[in-house]
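For what it's worth, the numbering used here labels the leading residue of the sequence shown as 1026, then goes sequentially.
Backbone N, C-alpha and C define an ideal beta-carbon position, used for all residues, glycine too.
Read through the structure below, which is laid out as structure tokens, and then see the notes.
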Amino acid sequence: MVDERVLAQRLISYDTSRAEELVAAAGFVKGWLESRDIEVRHHDHHGLPVLIAEVGPVADGDRRDGDRRGGDRGDRGDRGDASPPCVVLHGHLDVVPGRPEQFEARVEGDRLIGRGAYDMKGGLAAMMCALKDLERQDRVGVRLICVPDEESEDLDERATDAMVRLGLGGHFAITGEPTDLHIGVEAKGVLVLRIEVHGRSAHSSTPWLGDNAVLKAIDVFRAIETLPFSRESSEVFDRPSINLGRIEGGDALNRVPDECTMSVDVRYLPGQDPAEILAQVQAIPEIDVTRTFIHPPVTVARTDPYVRALRDAVSRAVRGEVMSVGRDGASEAAAFLRAGIPAVEFGPAGAGHHGPEEWVSVASLARYRRALCDFVRTLPMHLEDAGHTRHGAGAPGQPASAAPARPSGLATAARPQLPAPAPTVKALDGGRR
Ligand SMILES: [Zn+2]
1026 MVDERVLAQR
1036 LISYDTSRAE
1046 ELVAAAGFVK
1056 GWLESRDIEV
1066 RHHDHHGLPV
1076 LIAEVGPVAD
1086 GDRRDGDRRG
1096 GDRGDRGDRG
1106 DASPPCVVLH
1116 GHLDVVPGRP
1126 EQFEARVEGD
1136 RLIGRGAYDM
1146 KGGLAAMMCA
1156 LKDLERQDRV
1166 GVRLICVPDE
1176 ESEDLDERAT
1186 DAMVRLGLGG
1196 HFAITGEPTD
1206 LHIGVEAKGV
1216 LVLRIEVHGR
1226 SAHSSTPWLG
1236 DNAVLKAIDV
1246 FRAIETLPFS
1256 RESSEVFDRP
1266 SINLGRIEGG
1276 DALNRVPDEC
1286 TMSVDVRYLP
1296 GQDPAEILAQ
1306 VQAIPEIDVT
1316 RTFIHPPVTV
1326 ARTDPYVRAL
1336 RDAVSRAVRG
1346 EVMSVGRDGA
1356 SEAAAFLRAG
1366 IPAVEFGPAG
1376 AGHHGPEEWV
1386 SVASLARYRR
1396 ALCDFVRTLP
1406 MHLEDAGHTR
1416 HGAGAPGQPA
1426 SAAPARPSGL
1436 ATAARPQLPA
1446 PAPTVKALDG
1456 GRR
């Protein structure tokens, strides 16, 4: 049996913060799978490689590059056929930049240390191994989607969005972001604002004659921190996150700056309305506000039969309590959820992602792989139990998850349709992007 730790170490050796090494690493992944008789398709997305590999029964139509309408969603809809469920294992191969020595992974005790070990080459390696482990079962289609641009800041349409649009989103997706073997059912949305603050120039010897735009900008930021939206909470989150990430103002030492621009990154709660947040910020006097980036929050029903099956499998693999957690960072699970496909974040244990001492627990990688396999093998039973003669959690044409934006009030997780034991929930720190 292939050792997921060895594979992870190999993946880490590519500096995939750079395009050329991303291409090389994707070539390695493709070769690794093909040498194990798993067919791999290659898509080009803005010049970067996206890989798709499938095992088990995947509907014939899905094997073709499908811009056929709806893709898997069509199967889930009105045809009422008994095509098998398709589970997507979603991982990203790119990492944030690191020091050269971080690309030579090392093992210390249970820790595999290196750039991307935790976010998320460890998880990706375990997913690749799980795909191979699952090739002989014939009740669930399993599709690995490996994307190159999760960490990218500036793409309007990321590879994951494109794959979902092509109908490759399956019926349920697990994105292998680090969650310490908990199941991420909620993630905050992202709203980035550029704010221009205007003041009045004067000579620095008489600053009282001017109006310092930089100082004013700090006051504006403090005002944003106390707006009504900033005090709201949800079941798993105490508050939205608000960060002043960039500020630029002033040109000469002996002049009072009359212009200042800052970028404020608001991570808002499921259930909050970004338009309302924007309106509250815009109501602050003497500023101009532009929305520069938006990414929706993620919420999936914990009673979804796929989520239940996963939680059962994980609790068997870790012999402990499995928590449904909220994630402060944005998630590519949103790309699936927007298409009505339930999706969660679920990844191994570790710490320090994006930091200088990033590591993943080697033992958790093995448990992660086992949980993924167990999940797929027991899924048909769960779907039958849930009375889903057709796979899928939602009514035909109905999004399986709902994260409706509400104009105000407290954000809450999607409400169960069935009575269920209340799982433990908490926010897990560690946002990304
Ligand atoms: Zn990641």
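A contact is defined here as three or more CB-CB pairs under 8 Å, and the region 1057-1068 meets this definition with respect to the region 1146-1163.
Sequence-distant partners of residue 1288 (beyond 5 residues in either direction) whose C-beta falls short of 6 Å from its own C-beta, in its chain, are 1219, 1270 and 1271.
Between the region 1373-1391 and the region 1242-1255, the count of C-beta pairs closer than 8 Å stays below three; the two stretches do not touch. Taken from the Cβ of residue 1373, every heavy atom of ligand 1 lies 8 Å or farther away.
Within the same chain, 1249, 1264, 1265 and 1267 come within 8 Å of residue 1255 by CB-CB distance, once the 5 residues on both sides are set aside. Restricted to the region 1259-1287, not a single alpha helix (DSSP H) segment is unbroken, complete and at least 4 residues in length. Residue pairing by DSSP places residue 1069 opposite 1074 in a beta bridge.
Counting C-beta pairs closer than 8 Å gives fewer than three between the region 1326-1339 and the region 1272-1292, which falls short of the contact rule. One thing to note: residue 1176 has its Cβ within 9 Å of the Cβ of residue 1120. Taking the C-beta atoms as reference points, residue 1047 is found nearer than 9 Å to residue 1041. Restricting attention to 1114, 1122, 1314 and 1147, the CA atom closest to the CA of residue 1196 is found in 1114.
Distance from the CA atom of residue 1075 to the CA atom of residue 1174, rounded to whole angstroms, is 9 Å. Considering only 1299, 1109, 1184 and 1334, the residue with the shortest C-alpha distance to residue 1347 is 1334. DSSP places residue 1384 in the uninterrupted beta strand (DSSP E) bounded by 1384-1386. Taking a 10 Å sphere around the C-beta of residue 1352, we find 16 or more other C-beta atoms and assign the residue as buried. Residues of the same chain with a CB within less than 6 Å of the CB of residue 1235, apart from the 5 flanking positions on each side, are 1225, 1226, 1227 and 1281 in chain order.
Listed as beta-bridge partners of residue 1318 by DSSP are 1217.
Looking at the DSSP output, residue 1368 sits in a beta bridge with 1198. Per DSSP, reduced to three states, the secondary structure at residue 1410 is helical. Listed as beta-bridge partners of residue 1111 by DSSP are 1166. The continuous alpha helix (DSSP H) containing residue 1302 extends over residues 1299-1307. Pairing residue 1051 with residue 1071 gives a Cβ-Cβ distance that is not under 9 Å.
If the five residues before and after residue 1116 are omitted, its C-beta is found closer than 8 Å to the C-beta atoms of 1145, 1148, 1149, 1152, 1169, 1170, 1171, 1172, 1200 and 1201, all from its own chain and listed in chain order.
Take the alpha-carbon of residue 1322 and the one of residue 1298: they are about 10 Å apart.
Around residue 1395, the same chain offers 1342 as residues with beta carbons nearer than 6 Å, after the five sequence neighbours per side are excluded. Taking 8 Å as the upper bound for CB-CB distance, residue 1054 and residue 1137 are not in contact here, some 18 Å apart. Taken atom to atom, the span from the alpha-carbon of residue 1069 to that of residue 1211 is near 30 Å. Counting only residues of its own chain and dropping the five nearest sequence neighbours on each side, residue 1205 has a CB closer than 6 Å to the CB of 1374.
The beta carbon of residue 1044 is closer than 8 Å to those of 1072 and 1073 in its chain, skipping five residues each way along the sequence.
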